[in-house]
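These notes concern the structure reproduced below.
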Amino acid sequence: MNLYLRLIYTIFISWRQGRANLAEAQDLSFRAWPHDLDINLHVNNGRYLTLMDLGRVQLMLRLGMGRKILAEGWMPVIGSVHMRYRRSLPPFKGFRLETRIVAWDEKWFYIEQKFLAGQELMAVGIVKGLFRSKTGTVPVATLLDLTGNARASSGPIPEVFRAPESRAL
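Using numbering that gives the first Met the number 0, the first residue of the sequence shown is number 0, and each one after it goes up by one.
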């Protein structure tokens, strides 16, 4: 249930904040509640991935992709996630999730998502994702055009996804 409440919160915040620029990082604020914790009394590693979903929802909505994604039946698909956990998030600790697109190629977006408590980095993930339609992969160029960023240029693809074994995934 709490994840649905967080989803509603994310949609509301995204609507209230309005349209964003592709280069802008998106922020969501959370608190580590007891249902987010594991037996070690810190945020469960799986919960980070769930919260990252919400960060990407905010990103899609703020870039103006929401209606088109729903109308076309496009589905966001994650191909790979590279996570690094640096510090534990204890019970009731406030933190924010910062989400930004760092790179793309013809098929994939590469999204960096940082968990910060104050200015301290708690965890960071790099996500490789795309959109699927009924007929196949939606080209990144189509999505960039949809957001008004057809002429934007990508940053470098994160090192972790440049290795030959990661491209095979």
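The C-beta atom is built at its ideal place from N, Cα and C for all residues, glycine as well. Since the model is a prediction, treat every value here as computed from it, not as a measurement.
What's the gap between the Cα of Arg190 and the Cα of Thr134?
-> Here the chain has residues from 0 to 168 only, and residue 190 is not among them.
Nearest residue (CA-CA) to Leu21, options Ile110, Asn44, Ile12 = It is Ile110 whose Cα lies nearest to the Cα of Leu21.
Under the three-state DSSP convention, the category Gln118 falls into | Coil, per DSSP.
Kindly indicate which three-state DSSP category Gly54 falls into: helix, strand or coil?
-> Annotated three-state conformation of Gly54 is helix, per DSSP.
Check the DSSP bridge columns for Val28 and list the partner residues they point to.
-> First, the amino acid is wrong: residue 28 is Ser here, not Val. DSSP, once it has assigned bridges, lists Arg95 as partnering Ser28.
According to the Cβ coordinates, are Gly128 and Pro75 closer than 8 Å?
-> Yes, Cβ-Cβ distance for Gly128 and Pro75 is below 8 Å.
Output yes or no for whether 8 Å exceeds the beta carbon distance between Leu58 and Ile10.
-> No, the Cβ-Cβ distance between Leu58 and Ile10 is not below 8 Å.
Beta strand (DSSP E) segment containing Arg83, residue limits = Unbroken beta strand (DSSP E) run through Arg83: 74-84.
Kindly indicate which three-state DSSP category Leu21 falls into: helix, strand or coil?
-> Reduced to three states, the DSSP call for Leu21 is coil.
Please confirm if the region 147-157 is in contact with the region 65-73, defined as three or more CB-CB distances below 8 Å between the two stretches.
-> With the cut-off at 8 Å, the region 147-157 and the region 65-73 do not touch.
For Asp37, count neighbouring C-beta atoms within 10 Å of its own C-beta (all shown protein chains included) and say buried if the count is 16 or more, exposed if not.
-> Asp37 comes out exposed.
To which residues does DSSP link Lys127 through a beta bridge?
-> In DSSP, Lys127 forms a bridge with Ser79, Tyr109.
Residues of its chain near Arg5, where Cβ-Cβ distance is below 7 Å and the 5 sequence neighbours each way are ignored | In chain order, Leu53 place their CB closer than 7 Å to the CB of Arg5, counting only its own chain and leaving out the 5 sequence neighbours on each side.
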